[in-house]
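Remarks on the structure that follows.
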Amino acid sequence: MDGRKVCSAVGGEEIAMMESSEVLFKIFGLGVTAEVVTMWGIIGVIAVICLIATGRMKERPGRFQNLIETGVEYLQNFFHGILGEKSRRYFPFLSTLFIFIIFSNYSGLIPGAGVFRYFKAPTSSFSVTLGLGIVTFLGLQYYAIRVGVGHFFKRFITPAAFMLPLLLLDEIIKPASLAMRLFGNIFGEETVTEELYGLLPIGAPALMMGLSLLFCAIQAVVFTMLTAIYLDEATELEE
Amino acid sequence: MEKAIIAIAAAIAIAVSTIFPAIAQGKTASKAMESIARQPDAAKDIRSTLIISMALIEALTIYGLLIALMLVSKV
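Top line first, the protein sequences correspond to chains A and B. According to the working numbering, the first sequence is numbered sequentially starting from 71. According to the working numbering, the second sequence is numbered sequentially starting from 8.
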């Protein structure tokens with residue numbers, strides 16, 4: 071456990087469930103950690119891919135544009151299957167979440183992740199996944215209000231008024247469990263890979279990394295799929 | 008002595024919260040496979056439902072893992 075300080079103060083009490091990441095440098099008094107730097111890198115990579123793909127769009131797409139278009143179409147069909155006709159309106163929100171999460175998950179599999187000081191899978195930190203959870207929470211509330219203010223409040227007392235406390239709790243528990251699931255899975259994977267490396271440096275980690283290839287994609291799918299289902303529930307108009 | 012008890016508690020937390028979701032996931036997967044075998048046309052729908060239910064079951068394990076990690080930090 072070299073260089074790993076298991077301590078972080080959350081709410082005054084020491085809850086050291088997540089390894090605190092060391093602050094690399096400070097910008098305007100805000101500490102910048104390895105996760106933040108990696109996220110900048112991911113944002114840069116996605117931006118460059120988008121710029122290249124949409125820079126010279128043609129009627130008859132080239133190979134690269136074709137690939138990206140196929141991906142976007144696949145995502146559209148995926149969300150259409152869950153949300154139906156509504157999916158067009160929520161597509162930017164959901165696909166942004168999906169693309170960011172899948173890139174962050176896979177960034178943990180690139181050689182050097184977790185070894186270099188500036189490079190670490192962002193979703194293996196609870197702060198990042200909790201941030202994603204909060205974004206999901208705000209997104210759900212925003213889209214529910216967009217449907218109608220009356221609908222927004224009525225949502226909490228359907229089917230019956232005494233359900234109010236439960237439904238209010240539900241609104242908080244949903245994003246929290248999303249965040250915990252993503253963190254637990256990615257952090258677990260990284261830890262298992264690390265422990266296997268300790269046991270048998272050659273060969274053994276590769277097994278887990280092979281499985282991680284599958285799990286990373288599944289976790290991104292699960293996160294966005296559940297978000298889409300919650301969104302479907304939140305914006306459902308009852309006749 | 009107290010530390011030993013905490014360590015054992017962490018072990019039990021993760022063990023129990025792994026055993027029962029594992030049973031549940033096994034049941035889910037076997038049922039899903041049965042239904043895919045019976046109705047191969049509905050495989051797509053069944054698969055997405057399967058992934059969601061697996062994720063919801065897995066959340067319980069993750070809660071156990073979090074509790075175990077919190078306990079381990081107290082040792």
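By construction, the Cβ of each residue, glycine as well, lies at the ideal position given by its N, Cα and C atoms. Everything numeric in this text was worked out from a predicted model, so none of it was measured.
Chain B residues whose Cβ lies nearer than 8 Å to that of residue i
{"i": "I97 (chain A)", "result": "Near I97 (chain A) there are no residues of chain B at all, since even the closest Cβ is about 29 Å away, more than 8 Å."}
Alpha-carbon spacing of residue i relative to residue j, whole angstroms
{"i": "K51 (chain B)", "j": "F163 (chain A)", "result": "24 Å"}
{"i": "L72 (chain B)", "j": "G132 (chain A)", "result": "47 Å"}
{"i": "F222 (chain A)", "j": "D240 (chain A)", "result": "15 Å"}
{"i": "L76 (chain B)", "j": "E105 (chain A)", "result": "21 Å"}
{"i": "I138 (chain A)", "j": "A22 (chain B)", "result": "43 Å"}
{"i": "S194 (chain A)", "j": "V262 (chain A)", "result": "12 Å"}
{"i": "F134 (chain A)", "j": "A66 (chain B)", "result": "38 Å"}
{"i": "T297 (chain A)", "j": "A246 (chain A)", "result": "12 Å"}
{"i": "S55 (chain B)", "j": "I12 (chain B)", "result": "42 Å"}
{"i": "G73 (chain A)", "j": "L179 (chain A)", "result": "Any answer about G73 (chain A) is weak, because its pLDDT of 37 lies below 50 and its placement is not dependable; what the coordinates show is given next. The straight-line gap from Cα to Cα measures roughly 20 Å."}
{"i": "L236 (chain A)", "j": "P181 (chain A)", "result": "45 Å"}
{"i": "E9 (chain B)", "j": "A16 (chain B)", "result": "11 Å"}
{"i": "P94 (chain A)", "j": "V107 (chain A)", "result": "Position check: residue 94 (chain A) holds Leu in this sequence, whereas Pro was assumed. Looking at the two C-alpha atoms, the distance is approximately 9 Å."}
{"i": "L153 (chain A)", "j": "A14 (chain B)", "result": "46 Å"}
{"i": "K156 (chain A)", "j": "T294 (chain A)", "result": "15 Å"}
{"i": "R158 (chain A)", "j": "V102 (chain A)", "result": "36 Å"}
{"i": "L269 (chain A)", "j": "G220 (chain A)", "result": "59 Å"}
{"i": "Q32 (chain B)", "j": "I64 (chain B)", "result": "7 Å"}
{"i": "V76 (chain A)", "j": "A20 (chain B)", "result": "Bear in mind that a pLDDT of 39 at V76 (chain A), under 50, signals an unreliable position, so the number given afterwards is only what the model happens to contain. Going by the C-alpha atoms only, they are around 19 Å apart."}
Chain B contact for residue i (CB, 8 Å cutoff)
{"i": "L301 (chain A)", "result": "no"}
{"i": "V291 (chain A)", "result": "yes"}
{"i": "I204 (chain A)", "result": "no"}
{"i": "S195 (chain A)", "result": "no"}
{"i": "S174 (chain A)", "result": "no"}
{"i": "L296 (chain A)", "result": "yes"}
{"i": "G258 (chain A)", "result": "yes"}
{"i": "S247 (chain A)", "result": "yes"}
{"i": "I288 (chain A)", "result": "yes"}
Option in the options with minimal Cα separation from residue i
{"i": "D302 (chain A)", "options": "A:T263, A:I113 and A:R225", "result": "A:R225"}
{"i": "F207 (chain A)", "options": "A:F186, A:I172, A:A249 and A:I171", "result": "A:A249"}
{"i": "F189 (chain A)", "options": "A:W110, A:S282, A:P271 and A:I97", "result": "A:W110"}
Closer than 8 Å to chain A by CB, residue i
{"i": "E65 (chain B)", "result": "yes"}
{"i": "A62 (chain B)", "result": "yes"}
{"i": "I13 (chain B)", "result": "no"}
{"i": "I69 (chain B)", "result": "yes"}
{"i": "I21 (chain B)", "result": "no"}
{"i": "I59 (chain B)", "result": "yes"}
{"i": "I26 (chain B)", "result": "no"}
Burial state of residue i (16 or more Cβ within 10 Å)
{"i": "V82 (chain B)", "result": "exposed"}
{"i": "R251 (chain A)", "result": "buried"}
{"i": "L83 (chain B)", "result": "Nothing about residue 83 (chain B) can be read from this structure; chain B reaches only from 8 to 82."}
{"i": "Y144 (chain A)", "result": "exposed"}
{"i": "F186 (chain A)", "result": "exposed"}
{"i": "I169 (chain A)", "result": "buried"}
{"i": "C286 (chain A)", "result": "buried"}
{"i": "V198 (chain A)", "result": "buried"}
{"i": "M233 (chain A)", "result": "exposed"}
{"i": "P275 (chain A)", "result": "buried"}
{"i": "E259 (chain A)", "result": "buried"}
{"i": "T140 (chain A)", "result": "exposed"}
{"i": "T228 (chain A)", "result": "exposed"}
{"i": "T305 (chain A)", "result": "buried"}
{"i": "K244 (chain A)", "result": "buried"}
{"i": "I113 (chain A)", "result": "exposed"}
{"i": "Y300 (chain A)", "result": "buried"}
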